[in-house]
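Numbering (the numbering used here), first residue to last: 376 to 667.
Note that beta-carbon positions come from the ideal geometry of N, C-alpha and C, so glycine has one too.
As structure tokens, then:
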């Protein structure tokens with residue numbers, strides 16, 4: 376069973392964005408739509424068949440191609456719908472393969488955040504950011520999911536990023552972008568790392584403190600078999616999202632408070648992801664958790 380990592384941990388805010396991603400990521404030179412989709416199909420099949428591959432692909436393209444692909448007025452989404460981030464100065468864009476567990480994780484986390492807001496009557500005050508590109512000066516990113524107040528002018532205040540990779544480099548790059556005031560300008564970045572081959576998930580909450588990117592919380596979800604029934608072990612719970620960070624204001628009513636996602640709901644989130652992965656199967660392996 377994994378041990379919870381609650382020790383203080385900071386990231387260098389000036390670290391690289393895309394150019395120093397781990398060697399595990401396949402790299403290609405972009406040569407047009409047909410080549411792009413051939414590569415995506417081949418690499419998706421390879422990822423699903425192997426535990427030693429990444430779900431991300433890094434493409435090199437000239438600056439004009441990247442600016443055209445990510446132009447907000449460009450209605451051709453045939454390629455950009457797969458793109459996770461780009462940097463026109465580095466002439467790179469990152470592609471994420473379409474995967475079931477990834478979609479399950481975003482849907483479930485959005486449900487839990489919405490559920491936490493209902494007692495406050497603030498469900499309708501929240502704006503979601505699924506598949507929306509947020510651009511900085513020369514680079515941009517699409518959050519796996521994001522949330523913020525409807526009155527916020529630019530981008531989400533809380534973002535979620537998900538990866539299957541064993542290396543933390545990709546998620547660290549995401550965190551740097553979102554918490555950089557010149558790029559994502561978010562208040563909190565949540566990261567969710569899914570182990571590809573065994574039932575293990577790590578959720579981390581990152582925020583900017585004294586101009587350093589600080590990991591404020593780490594939560595582990597693992598599966599432990601107890602005789603005939605599986606049990607989800609959650610350490611470091613509950614996941615707490617400060618009210619003022621999400622809504623950019625202080626609570627004004629007694630019912631308005633920090634969002635808390637408790638142990639049972641985090642366990643249900645993990646079980647849903649593992650079921651999609653095929654790691655949590657059979658009626659004897661249903662955990663005793665809140666399933667909504």
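Residue i versus the options, residue with shortest Cα-Cα distance
i, options, result
"residue 457", "464, 448, 466 and 444", "444"
"residue 439", "465, 396 and 526", "465"
"residue 607", "553, 428 and 649", "649"
"residue 436", "420, 402, 449 and 423", "402"
"residue 645", "414, 411, 479 and 625", "479"
"residue 404", "538, 469 and 509", "469"
"residue 399", "539, 611, 532 and 448", "539"
"residue 447", "652, 509 and 616", "509"
"residue 570", "640, 523 and 429", "429"
"residue 413", "472, 623, 640 and 441", "472"
"residue 467", "394, 554, 419 and 418", "394"
"residue 637", "654, 543, 488 and 621", "488"
"residue 441", "474, 654 and 406", "406"
Residues bridged to residue i (per DSSP)
i, result
"residue 534", "521 and 564"
"residue 581", "564 and 590"
"residue 501", "524"
"residue 616", "634"
"residue 550", "None; residue 550 has no bridge partner."
"residue 610", "595"
"residue 401", "432"
"residue 461", "468 and 515"
"residue 575", "597"
"residue 385", "589"
"residue 569", "576"
Which of helix, strand or coil DSSP assigns to residue i
i, result
"residue 406", "coil"
"residue 591", "strand"
"residue 630", "coil"
"residue 539", "coil"
"residue 487", "helix"
"residue 598", "strand"
"residue 510", "strand"
"residue 557", "coil"
"residue 379", "Because the pLDDT at residue 379 is just 41, under 50, the model does not fix this residue reliably, and the point stays unresolved."
"residue 469", "strand"
"residue 414", "helix"
"residue 441", "helix"
"residue 453", "coil"
"residue 425", "coil"
"residue 653", "coil"
"residue 392", "coil"
"residue 448", "coil"
Cutoff 6 Å; reference residue i; Cβ partners in own chain excluding five residues on either side
i, result
"residue 492", "498"
"residue 579", "566, 590 and 593"
"residue 647", "479 and 483"
"residue 628", "none"
"residue 419", "472"
Residues of its chain near residue i, where Cβ-Cβ distance is below 7 Å and the 5 sequence neighbours each way are ignored
i, result
"residue 550", "386, 564, 566, 581 and 588"
"residue 558", "511, 514 and 552"
"residue 623", "524, 527 and 532"
"residue 652", "476"
"residue 546", "536, 538, 566 and 568"
"residue 425", "none"
"residue 619", "625"
"residue 507", "517"
Expected contact under 8 Å - CB spacing of residue i and residue j to nearest Å
i, j, result
"residue 431", "residue 515", "So it is not a contact: roughly 16 Å between Cβ atoms."
"residue 495", "residue 635", "The pair is not a contact, with the Cβ atoms about 12 Å apart (cut-off 8 Å)."
"residue 530", "residue 500", "Going by Cβ atoms, the distance from residue 530 to residue 500 rounds to 17 Å, so no, they are not a contact pair."
"residue 577", "residue 595", "6 Å"
"residue 583", "residue 612", "Actually they are not in contact, since the Cβ atoms of residue 583 and residue 612 sit about 23 Å apart, beyond 8 Å."
"residue 621", "residue 522", "7 Å"
Same chain, Cβ closer than 8 Å to residue i, five either side skipped, listed in chain order
i, result
"residue 520", "481, 484, 485, 503, 504, 505, 534 and 535"
"residue 392", "460, 462, 465, 514, 548, 551 and 552"
"residue 585", "none"
"residue 408", "453 and 454"
"residue 609", "594, 595, 596, 638, 641, 642 and 645"
Any C-beta of chain B under 8 Å from that of residue i
i, result
"residue 591", "Any reference to chain B falls outside this structure, which holds one protein chain only."
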